[in-house]
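**Student:** If you're matching them up, the sequences are chains A and B in order. Under the numbering used here, the letters of the first sequence match residues 86 to 289, in that order. Under the numbering used here, the letters of the second sequence match residues 129 to 660, in that order. Idealized CB from N, CA, C, for every residue including glycine.
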Amino acid sequence: MLDVESIQFAYNSESRLWQFDFRVHTGECLAIDGPSGSGKSTLLALLAGFLEPSSGDIRWNNVSISRLQPWDRPMTSVFQEHNLFEHLNIETNIGLGIHPGLKLSVKQRKSIGEYLERVGLSGLGTRMPGELSGGQRQRVAIVRSILREQPILLLDEPMTGLDIVTRSTVRELLLAQKAKGVTLILASHDQEDRTILADKQLSL
Amino acid sequence: MVGAGILVLAFGGVGALLWQSPNLPLPDLWQSAYLRNVLHFTVWQAVLSTLLSILLAIPVARALVRHRQFPGRSLLLRLMELSLVIPTIVAVSGLVGIYGRQGWLTQWLQAAGLDAGWSLYGLNGIVLAHVFFNAPMAARILLMAFDRVPAPQRRIASQLGLGSLWLWRALEWPAIKNVLPGVATLVFTLCFTSFAIVMTLGGGPGATTLEVAIYQALRFEFDSSRAAMLAIVQLVICGTLWYLALHRGMDSALVPGRQLSFAPKRKDSRGISRYGDSVLITLFASFLLFPLAFVVFRGLPGLPDSLLPLADSALLKATLRSLVIALPAGFVSVAASLLILGGYRTTRNRWLARMPATLAHVPLFIPPLVLGTGLFLAIRPKLGMNVEAFGLVALVNALMALPFVIQIIRAPLDSMDAMSLRQADQLNIRGWYRWRLLYWPRLRRPLGLGIAYGAGLSLGDFGVIALFGTPNEPTIPVLLYQQLGSYQMQAAATTGLWLLVLLLGLFLVTGLITRSPKNVSKTDQAMESARA
Numbered sequence: 086m087l088d089v090e091s092i093q094f095a096y097n098s099e100s101r102l103w104q105f106d107f108r109v110h111t112g113e114c115l116a117i118d119g120p121s122g123s124g125k126s127t128l129l130a131l132l133a134g135f136l137e138p139s140s141g142d143i144r145w146n147n148v149s150i151s152r153l154q155p156w157d158r159p160m161t162s163v164f165q166e167h168n169l170f171e172h173l174n175i176e177t178n179i180g181l182g183i184h185p186g187l188k189l190s191v192k193q194r195k196s197i198g199e200y201l202e203r204v205g206l207s208g209l210g211t212r213m214p215g216e217l218s219g220g221q222r223q224r225v226a227i228v229r230s231i232l233r234e235q236p237i238l239l240l241d242e243p244m245t246g247l248d249i250v251t252r253s254t255v256r257e258l259l260l261a262q263k264a265k266g267v268t269l270i271l272a273s274h275d276q277e278d279r280t281i282l283a284d285k286q287l288s289l
Numbered sequence: 129m130v131g132a133g134i135l136v137l138a139f140g141g142v143g144a145l146l147w148q149s150p151n152l153p154l155p156d157l158w159q160s161a162y163l164r165n166v167l168h169f170t171v172w173q174a175v176l177s178t179l180l181s182i183l184l185a186i187p188v189a190r191a192l193v194r195h196r197q198f199p200g201r202s203l204l205l206r207l208m209e210l211s212l213v214i215p216t217i218v219a220v221s222g223l224v225g226i227y228g229r230q231g232w233l234t235q236w237l238q239a240a241g242l243d244a245g246w247s248l249y250g251l252n253g254i255v256l257a258h259v260f261f262n263a264p265m266a267a268r269i270l271l272m273a274f275d276r277v278p279a280p281q282r283r284i285a286s287q288l289g290l291g292s293l294w295l296w297r298a299l300e301w302p303a304i305k306n307v308l309p310g311v312a313t314l315v316f317t318l319c320f321t322s323f324a325i326v327m328t329l330g331g332g333p334g335a336t337t338l339e340v341a342i343y344q345a346l347r348f349e350f351d352s353s354r355a356a357m358l359a360i361v362q363l364v365i366c367g368t369l370w371y372l373a374l375h376r377g378m379d380s381a382l383v384p385g386r387q388l389s390f391a392p393k394r395k396d397s398r399g400i401s402r403y404g405d406s407v408l409i410t411l412f413a414s415f416l417l418f419p420l421a422f423v424v425f426r427g428l429p430g431l432p433d434s435l436l437p438l439a440d441s442a443l444l445k446a447t448l449r450s451l452v453i454a455l456p457a458g459f460v461s462v463a464a465s466l467l468i469l470g471g472y473r474t475t476r477n478r479w480l481a482r483m484p485a486t487l488a489h490v491p492l493f494i495p496p497l498v499l500g501t502g503l504f505l506a507i508r509p510k511l512g513m514n515v516e517a518f519g520l521v522a523l524v525n526a527l528m529a530l531p532f533v534i535q536i537i538r539a540p541l542d543s544m545d546a547m548s549l550r551q552a553d554q555l556n557i558r559g560w561y562r563w564r565l566l567y568w569p570r571l572r573r574p575l576g577l578g579i580a581y582g583a584g585l586s587l588g589d590f591g592v593i594a595l596f597g598t599p600n601e602p603t604i605p606v607l608l609y610q611q612l613g614s615y616q617m618q619a620a621a622t623t624g625l626w627l628l629v630l631l632l633g634l635f636l637v638t639g640l641i642t643r644s645p646k647n648v649s650k651t652d653q654a655m656e657s658a659r660a
C-alpha cells in the first residue's frame, strides 16, 4: 500500500505551496486529474524522488521511502515523451532498465525480444529511437518499465498524442500490469483513460 | 543592411591595406624563416591551447553537472561566464604574480624545497593564459549543453541508477558532440588571434603569433604589405574553420546562457567520485581565483594614492579615456546586434536569414589591428586626428564584441512565442507599442548585459588601442602595459584592480538599471514553476 502523508512542496518561497495526502492499495490504479499547472507532474516527481518534499512522508507497505534516492525507490516512470535515450538502440534502452550497467543474462536478453514481439515491435530491437514512431517509442518505454519489475508504475500523460490503436495497446499493457499486482499512478487529462484504468480518482 | 555594413567594415579594412600595398610579398610566406616560424608557432599554440582547454572543460562541466549544490557554486558559474570579459592584461599580471619567477606558487614551491623549473614566458605562459581564459568559457558552454538534455531523460537516467559511463554514453556525449566542434573552433580562433597575451608573455621569433607580427609590421616596420598578407593568411585559416563549422549547421553558443534548469540527483554523484569532483572543482576555482586575488591583494594598498589627488591622477585620466571609448562601443554593438537579429527574424529567405548571423562571426577572425589600420587609412583624409582615432577604436571594439553580444540577445528574442506575436498582429500592436509591450520586458536584462559585455570587452581592450593610442594619453590597459613593461608591479596591480572594479561596476550598474520590476519577476518565477 502506498501512503502519501501530508507531503508539502514549493519550488521557491514565492511560488505556490502544494500539499498532497492520499492512499493507494497494492494493485490499484489512482488517476490524477486537474488543469495544467495544478501539480500532477509535481506530485509524480515527488513520489519518484526527483523533488524533495519540505515535510510529510511517503510510505510503501508501511516503510518510509521519503529518504530513498530515485534509483532505490520501488517505482518506475513513463513520461509523455523523451523516455528513450536517442543515441542508444531500442534493446540497449530496455536493457538499461533491467541492469544499469547492461550486464544482462541470456534469459534477460531473450525476454527483451519476447516483450518487443508482444507489443508488435518484433525485429526493431536494433533500431534507434529516432527511427520509430511516437507510438512505437511509447510502447518501448512501457516494455522497459514492465521489465524493471517495480511494484509501482508512475505514468505522466503516457498516452497523449498516441493514435487510437496504439492507445488501446498501451491500455491493455497497463491493465495486464495492474492484474499482476502493480500499483499504477496515472496523471492524465483523458477521461476515457481514467475511466478504463482507474479504481479511484484524485482531483487537483 | 547591417550585415552588409559589417562586411564592408570588416573586409574594407583589409581592402584598404591592400589598396595601400598592391604588391603582396607572398613568397615570403615560404621563403622567410621568420614568417614560417610565426605561422608554425601561431598554429601550434592555438592547437595546444584548444586541446588543453577542452580537455579541462569537459571534466569540470561534468563535475558541475553532478554537483548542483555547494557553497560558492553560483559565484563560480558567474566567474566562468565573465572569463571572456576579464581584461587580458589584468589576468596576465595576475598569472605572473602566481606563476612568475617571483610568483606566490613559485615561491611556495621553492620554500617547500621544490624547484618549479618553469618559465612563464614563451609557449608555457601563453598556453596557460589561454587555458585560463578559454577553459571556463568552454566548460560553461558545455554545462549549458548538458542542461539542454530533456528533463524526462534525466529523470529516467536517475531512476534507472545509471553509472558514470552510461550517463556519459546515454546523455552527456550526445548532448555535447554537436556543440564541441563549435566550442573548439571558437577557442582555436580566440587563441589563434590572441594579441595581448602574446605581447606580454611571448616575444621573439620563437613565440610570436600572426596578430603580433601584424602589429610589428604596422607599428615598427611600417610595412602595410606584410601586414595585409599576414591578415589574409589569418583570414583564410580561421575563415575556413568557421565556414566548415557553420556549414555543418554548428550553432554553438559563443556566450554561455545564464539559467540552469533543475536536475534530479545522479547515482554517480555519490561515493568516491564525489571526492574526485570536489578536488577538481576546488583546483579549478583556485586556478581562476588566485590570479585575480593576487591583483586585488597587491593592488589594494596603492589604490588611494593612484586616485588622489583627483585632478592629477593619471589613472583617472586613463579611466575617462577608456570610458569614452568603451561606452559608445557597448551601445553600438547592442544596436547593431538588434538590427541584425531583426533582419534575421523578418526575412523568409533561408539563405538570407542565415547570412547576418554568419556575418556576425566574421569579426572573430578579422584581425582588429588590420581592421583599424585599414579603416584609418581609408577615412583619414576626411577626419581629424584624435577624435578619429578614438572613434575608430570604439567602432572596431564594437565590431569585435558583436558575435558575443548577438548571442546574449538572440536567445530571449528567439524564445518569443509565435502565439504572442500572432496575437499582437491581430490586435494591431505594432511599432513602439509592440516593442514596449512585447520585446522590452523580455529584452531589458539581456540588453543591459549586452551593453555591459560590449563595453567590458572594449574597456579591457589591448588590441587596436595599442596601435592607435599614444604613450602620453593611455587608456587603462595601455597604462597597465606601460607599468608592467617598466617593472612597476605595485602600480600595475593597482591599475589592474581598478580595471576589475570598473568592470564589476559596469555589470552592476547595467544590471540595476535594467532589472525587472518585482511583479514581472514574480510572473517569470510562476512560469518557471509551471514549466518545472
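Starting from B:SER401, trace the alpha helix (DSSP H) in both directions and tell me its first and last residue.
**Tutor:** The count along the second sequence starts at 1 and reaches residue 401 of chain B at position 273. Here the alpha helix (DSSP H) through B:SER401 covers 400 to 427.
**Student:** Counting only the same chain and skipping the five closest in sequence on each side, list residues whose C-beta sits under 6 Å from that of A:LEU240.
**Tutor:** If you number the first sequence from 1, residue 240 of chain A lands on position 155. Excluding residues within five positions, the ones whose Cβ falls inside 6 Å are VAL163 and LEU271.
**Student:** Quick check on this structure: which residue in B:GLN344, B:LEU288 and B:SER247 has the alpha carbon closest to the alpha carbon of B:THR501?
**Tutor:** To locate residue 501 of chain B, count along the second sequence from 1; it is residue 373. Among B:GLN344, B:LEU288 and B:SER247, the Cα nearest to that of B:THR501 belongs to B:GLN344.
**Student:** Determine the direct distance from the alpha carbon of A:THR268 to that of A:ARG256, and round the result to whole angstroms.
**Tutor:** In the first sequence, residue 256 of chain A corresponds to position 171, counting from 1. In the first sequence, residue 268 of chain A corresponds to position 183, counting from 1. Cα to Cα, the separation comes out at about 14 Å.
**Student:** Using only the heavy atoms of the ligand NAD, determine whether one of them is closer than 7 Å to the beta carbon of A:ILE270.
**Tutor:** With respect to the ligand NAD, the structure offers nothing, as it holds no ligand at all.
**Student:** Does any residue of chain B have a CB that is nearer than 8 Å to the CB of A:GLN104?
**Tutor:** The residue given as residue 104 of chain A occupies position 19 in the first sequence. So no, A:GLN104 is outside the interface.
**Student:** In terms of residues, what are the limits of the alpha helix (DSSP H) holding B:MET265?
**Tutor:** Here the question's residue 265 of chain B lines up with position 137 in the second sequence. Run containing B:MET265: 251 to 275, per the alpha helix (DSSP H) assignment.
**Student:** To which residues does DSSP link A:VAL89 through a beta bridge?
**Tutor:** As a position in the first sequence, residue 89 of chain A is number 4, starting the count at 1. A:VAL89 is bridged to A:PHE107 and A:ILE143.
**Student:** To which residues of the same chain is A:LEU206 closer than 7 Å at the C-beta, ignoring the five residues directly before and after it?
**Tutor:** Here the question's residue 206 of chain A lines up with position 121 in the first sequence. Around A:LEU206: GLN221, ARG224 and VAL225.
**Student:** Please work out which residues of its chain come closer than 7 Å, Cβ to Cβ, to A:ARG252, disregarding the five sequence neighbours upstream and downstream, and give them in chain order.
**Tutor:** Looking up residue 252 of chain A in the first sequence gives position 167. Taken in chain order, the residues that qualify are MET244.
**Student:** Under 8 Å, Cβ to Cβ, is there at least one residue of chain C near B:GLN610?
**Tutor:** In summary, chain C is missing from the structure at hand, where the protein chains are A and B.
**Student:** Could you tell me the alpha carbon to alpha carbon distance between B:ARG201 and B:ALA279, rounded to whole angstroms?
**Tutor:** The residue given as residue 201 of chain B occupies position 73 in the second sequence. The residue given as residue 279 of chain B occupies position 151 in the second sequence. Cα to Cα, the separation comes out at about 21 Å.
**Student:** Going by DSSP, which residues form a beta bridge with A:PHE94?
**Tutor:** As a position in the first sequence, residue 94 of chain A is number 9, starting the count at 1. Beta-bridge pairing links A:PHE94 to A:TRP103.
**Student:** Distance cutoff 8 Å, beta carbons only. Does B:ARG297 sit that close to anything in chain A?
**Tutor:** As a working note, residue 297 of chain B is residue 169 in the second sequence. Yes, B:ARG297 lies at the interface with chain A (some Cβ there is under 8 Å from its Cβ).
**Student:** Write down the C-beta distance between B:PHE418 and B:LEU520 rounded to the nearest angstrom, noting that I regard them as a contact closer than 8 Å.
**Tutor:** Stepping through the second sequence from its first residue, residue 418 of chain B is reached at position 290. Stepping through the second sequence from its first residue, residue 520 of chain B is reached at position 392. Not really, about 37 Å apart at Cβ, beyond 8 Å.
**Student:** Pull up the DSSP beta-bridge partners for A:ILE117, would you.
**Tutor:** As a working note, residue 117 of chain A is residue 32 in the first sequence. Bridge partners of A:ILE117: A:ALA272 and A:LEU287.
**Student:** In the DSSP output, what is A:LEU240 paired with across the bridge?
**Tutor:** Mapped onto the first sequence, residue 240 of chain A falls at position 155. DSSP output for A:LEU240 lists A:VAL163 and A:LEU271 as bridge partner(s).
**Student:** Classify B:VAL315 as buried or exposed, calling it buried when 16 or more other Cβ atoms lie within 10 Å of its own Cβ.
**Tutor:** Counted from its first residue, the second sequence places residue 315 of chain B at position 187. Buried, since its Cβ has 16 or more Cβ neighbours within 10 Å.
**Student:** DSSP three-state call for B:THR501: helix, strand or coil?
**Tutor:** Counting from 1 along the second sequence, the entry for residue 501 of chain B is found at position 373. Note: B:THR501 maps to helix in three-state DSSP.
**Student:** With three or more C-beta pairs closer than 8 Å as the rule, is the segment 284 to 296 of chain B touching the segment 153 to 160 of chain A?
**Tutor:** yes
**Student:** Please report the Cβ distance between B:PHE708 and B:GLY591, rounded to the nearest whole angstrom; I am assuming they are in contact, meaning their Cβ atoms lie under 8 Å.
**Tutor:** No answer is possible for residue 708 of chain B: it lies beyond the span of chain B, which begins at 129 and ends at 660.
**Student:** What in chain B is Cβ-close to A:SER162, meaning under 7 Å?
**Tutor:** By 1-based counting over the first sequence, the position of residue 162 of chain A is 77. By Cβ distance, chain B contributes ARG283, ILE284 and GLN287.
**Student:** How about B:LEU270: is its C-beta nearer than 8 Å to some C-beta of chain A?
**Tutor:** On the second sequence, residue 270 of chain B is found 142 positions in, with the first residue counted as 1. No, no contact with chain A.
**Student:** On the DSSP bridge assignment, give the partners of A:SER149 in chain order.
**Tutor:** As a working note, residue 149 of chain A is residue 64 in the first sequence. Answer is A:ARG144.
**Student:** Taking Cβ-Cβ distances shorter than 9 Å, what residues in chain B pair up with A:PRO243?
**Tutor:** Reading the first sequence from its first residue, position 158 is the one you call residue 243 of chain A. Ordered by position in chain B, no residue passes the 9 Å Cβ test against A:PRO243, which lies about 11 Å from the chain.
**Student:** Please return the same chain residues whose Cβ sits closer than 6 Å to the Cβ of B:PHE635, not counting the five positions on each side in sequence.
**Tutor:** Here the question's residue 635 of chain B lines up with position 507 in the second sequence. Closer than 6 Å at the Cβ level, and outside the excluded window around B:PHE635, lie ALA580.
**Student:** Are the Cβ atoms of B:THR447 and B:LEU630 separated by less than 8 Å?
**Tutor:** Along the second sequence, read from residue 1 onward, the residue named residue 447 of chain B stands at position 319. Along the second sequence, read from residue 1 onward, the residue named residue 630 of chain B stands at position 502. Against a cut-off of 8 Å, the Cβ pair of B:LEU630 and B:THR447 comes out as a contact.
**Student:** Among B:VAL136, B:LEU541 and B:LEU176, which has the Cα closest to the Cα of B:ASN252?
**Tutor:** The residue you call residue 252 of chain B lines up with position 124 of the second sequence. Checking every option, the nearest Cα to that of B:ASN252 belongs to B:LEU176.
**Student:** Using 8 Å as the Cβ pair cut-off and three pairs as the minimum, do the segment 531 to 540 of chain B and the segment 565 to 575 of chain B touch?
**Tutor:** yes
**Student:** Would you tell me roughly how many angstroms separate the C-alpha atoms of A:ALA95 and B:PHE169, rounded to the nearest one?
**Tutor:** Taking the first sequence and counting its residues from 1, one reaches residue 95 of chain A at position 10. Taking the second sequence and counting its residues from 1, one reaches residue 169 of chain B at position 41. About 56 Å.
**Student:** Exposed or buried, A:SER139, counting other C-beta atoms within 10 Å across all chains shown (16 or more means buried)?
**Tutor:** Here residue 139 of chain A refers to the residue found at position 54 of the first sequence. With fewer than 16 other Cβ atoms within 10 Å, it is exposed.
**Student:** I'd like to know if the segment 452 to 460 of chain B and the segment 614 to 625 of chain B are in contact, where contact means that at least 3 CB-CB pairs between them fall below 8 Å.
**Tutor:** no
**Student:** For A:ASN168, which residues in chain B fall below 8 Å Cβ to Cβ?
**Tutor:** For this step, residue 168 of chain A is matched to residue 83 along the first sequence. Residues of chain B passing the Cβ test: PRO280, GLN281 and ILE284.
**Student:** Straight-line CA distance for B:GLY222 to B:TRP246?
**Tutor:** The sequence position of residue 222 of chain B within the second sequence is 94, counting from 1. The sequence position of residue 246 of chain B within the second sequence is 118, counting from 1. One C-alpha to the other measures close to 17 Å.
**Student:** Helix, strand or coil: how does DSSP classify B:THR638 here?
**Tutor:** As a first step, residue 638 of chain B must be located in the second sequence, where it is residue number 510. Here B:THR638 sits in helix by DSSP.
**Student:** If we define contact as Cβ-Cβ less than 8 Å, is A:GLY246 a contact residue for chain B?
**Tutor:** Position 161 of the first sequence, counted from the first residue, corresponds to residue 246 of chain A. No, no contact with chain B.
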